[in-house]
Structures are given as C-alpha cells and as structure tokens.
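Have a look at this one:
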C-alpha cells in the first residue's frame, strides 16, 4: 500500500498541543470529496479536546471544524455539522462535528461528504471564509432559528470576546438590532464599539447587571454561553416575552434563578448548539445579503500551529485565530 | 345613597380568613354586567393574598377568581383574566385577575366587563363549571399555547395535587398524551391513576428522578410550578427538543441547573402564567370537545367560607374547593 502524504497538525495525546507532521492524505470514498484547504480556523472546541474535556476523544486525530479550500478549482467552505437529521428542532444521534471523530481541517487536505460543501461567499477573503462556518452556524441558529431575533429589538450578547458571541454580535447588528455586550476585558469592550455596539459592561464589576439595566432598560433577546451564577441576573434584564438563548456553560451550573420572573414575564430559555443544514444555508444567505465579514484576529502558518493553539488559550484575541494552509 | 346588600366573604386584614358579611352589592357601569353567582371556587392565589404574599393587596376586598352564575337567565362562566391586551405572547401592564384589585366571586353577585362572560359548557354541573376558569386557563396556556403539546407525546406533571396541575393532567390525557405525575402524597398518586395516568412517583422519596426515568424513559413536555432544587432534575428527564413549562415557583429559586443538557438537547424552558382571551376561548373549545369535567373535591356553603379556606390551606384536597352561592 502506498500513501500520499500531507502536512497536518496531529493530536496524539492529552494536554500536548497538536504537532506538525507528515501524515497520510485522506482518500474520498463514494459520496465524499477531497478539499485542498487554503485556511482553517481554531475553535474553543479544539482546546477542550486537547485538554481532554470532550466526550469521545480518540488518538491520533486531526482537529479543526472550520475550513476553506478548493474543490476542482471552486472556492468552497465546509459545513462542519454532519448528519443533523430530519428534525429541525434537534440534531440526531448520528450528528457529529468535523474534527472529531472525523479528521478535520488542520491539514492541507480534508475529506468530507459532498453535501457538506458550499460556495465561499465571494466578498470574503480566504481567511475570513475559514473563520465563518462553526461560529457562524452556531450564532445564526441561537439568534434567529431559536430566538427569532427581529430588526429593532434590543439584544444583549454576554462574553462578546468568544468566537460565537462576536459573530452573534455582528449578525444582530446586521439584522438591525440594538446591541449591548458584556466582556471581562475593557479592551475588547472598547474594540467592539467600532462595530456599532450601543454599550457594554465589564462583568468583572460586581454591579454589571444594574449598570446594564441603567444603560439599556430591558432586552428582547439575550445570548449567553456562560450559565453559572451570573445567569440568574439575566431574567431581571429581560423585557416581557423575551428569549434567552443559551449555547454553552463555561461558568457551570445555573444557581439562584427566580421562577417568578420567568413565569410572570412569560420568558423563554432556549438551549441551542450548532445548527441544521437549513441553518447553515440560511446563515450563508444572511452573510451574503449583509456582506458580513467575520473578524480575524491573527493568522498563523500551519508550521506555527502549536503557537496558534497557545494564543487562543490565552483568550486575548477578538476574532478568530486562523491557520494558513496549502502554502 | 341607598345600598342593595348581598352576602360576601370579605377580607379585611392580613392573616384572617375572609368572613361572611352583608356587603353592598356592586352596580354595573357602562360595558359591565352583574352576574348572579351560583358557585365559586378557591385558588391558592386566594390563600397567598390572605397571607399577605401577593403584590397590590388592599382592604377590604372580596376575593375569588372563579365564578359560575346567571346573566339574564343564561348560565355563564367568567374569564378571570382581564385586560390581557393585544400581544398573545405576554399580558399587558393593565392585566389583572378578578378578585384583587377588582372584587371577586366569593359573593352572591359580581360585576365584570361584559367581554369576560362565556357560556357555561353544557355538560358541566354548576360546581364543575365554577372549578374551571382560572385553573383551566392557566393549564391550557402552559400545556398547549406555550408547550405545544401533541397527541402521543409523553408528559410529566409535577405536584399533581395542585389545581392547575390536576387540570393540566386531565387536559393532557384528553389530548391523547401519555401522562406521568409526581406528588408528595401517595394517596393522591393512587387517586389520579383512575384518571388514566400511566405512572407516578412521590417526590418526597430521594430517588424520584431515577424512578421516573426507569418508569418512563424521557419526556417531551414537563409541566412544573415548583422550581427550587428539584427543578434541576427535570432536564435530565427530557427527551431532545423537550419543553418545560413553568407556571409557578413554590419551592423558590432554581439551583444546580446544568447548561450542558439544556443546549445539547436543545431544550426549552417556557415561563407561563394565566392566559389570553384567545387562550380562554380555546380552553373552552377543548373542554367542550373532550367533554372534560374538572374534579371537585368538596363543596362548602358560603356561610362556611372560612372553613373552606382552612381546608384548602391544609392541602389534602384533590380537585377544586367550591363554594355554593345564591342559596
């Protein structure tokens, strides 16, 4: 048996950043295609897998859920959500995300089912296109498919430094919402103002809910991925009939949540993760229609992959960390 | 000035059950009608008001949200939710419930806006009709308008001894759902089996979530009015895309709620209280279509009103506590 080799970042053990290797290039089977990648982006999911904080980890594996590349000369991006199934409300048991268990995009080539392939939005650079798929899909679903955001509504995006949160912030602004944010970094709060954000608070200050309330009144939609103790403050920041979209739980269990506000205000807490094939198509339509450009914080060559992981892990970025491939 | 007098249960101070009095009979103004009441029902709301645990209490007041009576010879029931407003999603700021601030149904006569009046379902007795409005409205909205219950779905109703919970249980069964319940009383669990309930657990037993899981697998819809620590067990009892309808918070703040289950299962926590005029109409249609009969636990004459309050306060009833009026 002969192998074609490619460059890839390979994760071989827990706790060690994936390292650059010459690795067998994948071969497409029936219904699959081989994409020659030009750029990939990192996600916190990749960090959690390296740290062993994710179900179903196997070694070796090539991580990476976000990829942009060439397929027979055509510029394409990849929908990282595979086998969602027929129910728009929830993914099937067969659902998986590119980059574990299937080898992902941190390599010069990736093989995916042909139906995961979509045209790259033509207004995006190679790096911007690579930054879009997973964060764009997750943000679109929670904001629109789950919370039904409408133009003119007032939105709070917590922890806006996160990849999905920042994308949700950009999408909500593009949709004509009035957007407020929170962050643990004054520098990030300052930076997002340039996007058109109406106001923001640092959640490290104890009175952040009161400050947000004074600043914004109440919100129609709140997008959160923290949970924890801070979540209990969110219903008090809601207008009647508001929707709270929850797509993560980095601060752990929710405590001190008052039922009274939830039922008297007819509030909705809506869990959301990733998105369906339909969500992905609608997300691309939205990005094209609004000429939305994902923010790219920094671009690393594949050879500096471990450095890119370490950089994301420090959490100082605002925007995606992108790897340049195929050079 | 001359007054027509009527018999009424009048609340004059905190902590003392309303007492029977001769009280001025109300006079309808433009757009209002005078209903000659035949029966009324008590709700926990009435207990909370007596105990001073409700906003906007004033004295004296005639409590009572549920009433059945005669209007020009026509048998009618009263929608206790007033001024819901135009938004089906949530009540307006002008919304109020009959029986505080407006004088309610624990009297021989009540005045209400004419549009609160509906024909009594003809299959119901006077007492059953009086038992229906508030519990029926609240149960219908949380179960159908909010949680969108479908025939064939598996439902959990917690604390089935409560008036709304028991009504939700009867409605879910009538709608063709498979219904499980919890209660703090083995006797009540035994009694509801006769309604067609598939199974139940006593929530005083520590392992009630595991026992429910073993018994039922997972639920499509959960209806809860407790909140508190026990609420955190509910998402683990959910099927993917399930809806948890929350219409009360008798056990206080929700603690220990895991965000991971909420977002990965795309769950929905939906606050609900009372219902719109549309909900009331749909509820009556449902009750007529399914010939549903609210359970009446005990009927007291108005003269024994304080006793009826004390009986409800003991919490041993299964079904509504009704007062016979106009005798």
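Chains as they are written, first to last, in this note's numbering: chain V, 1 to 327; chain A, 328 to 654.
Even for Gly, the Cβ is constructed at its ideal location relative to N, Cα and C.
Just so it is clear, the structure is predicted and the values come from calculations on it, not from any experiment.
- Residue pairing from DSSP places residue 298 (chain V) in a beta bridge opposite V:321.
- For residue 308 (chain V), the CB contacts under 7 Å within the same chain, skipping 5 residues up- and downstream, are 42, 300, 321 and 323 in chain order.
- In this structure, the beta-carbon distance from residue 280 (chain V) to residue 171 (chain V) does not fall below 8 Å.
- Residue environment: residue 346 (chain A) is assigned as exposed (fewer than 16 neighbouring CB atoms within 10 Å of its CB, all protein chains considered).
- Residue 90 (chain V) belongs to the set of residues whose beta carbon lies under 8 Å from a beta carbon in chain A.
- Distance from the CA of residue 391 (chain A) to the CA of residue 430 (chain A), rounded to the nearest whole angstrom, comes to 8 Å.
- Legend: CB atoms of the segment 566-590 of chain A lying less than 7 Å from CB atoms of chain V belong to residues 567, 568, 573, 574, 575, 576, 580, 581, 582, 583, 584, 585, 586, 587, 589 and 590.
- Interface residue (Cβ-Cβ distance to chain A less than 8 Å): residue 266 (chain V) is classified as such.
- Buried is the label assigned to residue 271 (chain V), since at least 16 other Cβ atoms lie within 10 Å of its Cβ.
- For residue 6 (chain V), the beta-bridge partners assigned by DSSP are V:23.
- With a minimum length of 4 residues, the unbroken runs of alpha helix (DSSP H) contained wholly in the segment 453-485 of chain A fall at 453-458 and 460-467.
- By the Cβ-count criterion, residue 45 (chain V) is buried, with 16 or more other Cβ atoms from all chains shown falling within 10 Å of its own Cβ.
- At a cut-off of 3 residues, the continuous stretches assigned as beta strand (DSSP E) that sit fully inside the segment 230-296 of chain V are 238-246 and 268-271.
- In this structure residue 443 (chain A) is buried. Its beta-carbon is surrounded by 16 or more other beta-carbon atoms within 10 angstroms.
- No Cβ-Cβ contact shorter than 8 Å links residue 436 (chain A) with residue 332 (chain A).
- Within the same chain, 26, 28, 32 and 34 come within 6 Å of residue 111 (chain V) by CB-CB distance, once the 5 residues on both sides are set aside.
- By the CB criterion at 8 Å, residue 256 (chain V) and residue 232 (chain V) fall inside the cutoff.
- Unbroken alpha helix (DSSP H) stretches of 4 residues or longer found wholly inside the segment 490-559 of chain A: 490-501, 513-520 and 535-543, given in chain order.
- Under the three-state reduction of DSSP output, residue 404 (chain A) falls in the strand class.
- With a threshold of 8 Å between beta carbons, residue 87 (chain V) makes contact with chain A.
- Residue-level contact by beta carbon holds for residue 596 (chain A) and chain V, with a gap shorter than 8 Å.
- At the C-beta level, residue 524 (chain A) and residue 546 (chain A) stay beyond 8 Å of one another.
- DSSP, read as helix, strand or coil, puts residue 355 (chain A) in coil.
- The C-beta of residue 600 (chain A) comes closer than 8 Å to at least one C-beta of chain V.
- Under DSSP, residue 393 (chain A) forms a beta bridge with A:368.
- Listed along the chain, the chain A residues whose CB falls inside 8 Å of the CB of residue 52 (chain V) amount to none; the nearest CB is some 16 Å away.
- With a cutoff of 8 Å on beta-carbon distance, residue 621 (chain A) and residue 402 (chain A) are scored as not near each other.
- Contact of residue 230 (chain V) with chain A is not assigned, every C-beta pair being separated by 8 Å or more.
- Here residue 225 (chain V) is buried: its Cβ has 16 or more other Cβ atoms, across all protein chains shown, within 10 Å.
- In the DSSP secondary-structure assignment, residue 117 (chain V) is bridged to V:78.
- Not flagged as an interface residue toward chain V: residue 489 (chain A), since no C-beta distance is shorter than 8 Å.
- Residue pairing of residue 107 (chain V) in beta bridges, as defined by DSSP: V:8.
- For residue 263 (chain V) against residue 600 (chain A), the beta-carbon gap comes to about 5 Å, under 8 Å, which counts as contact.
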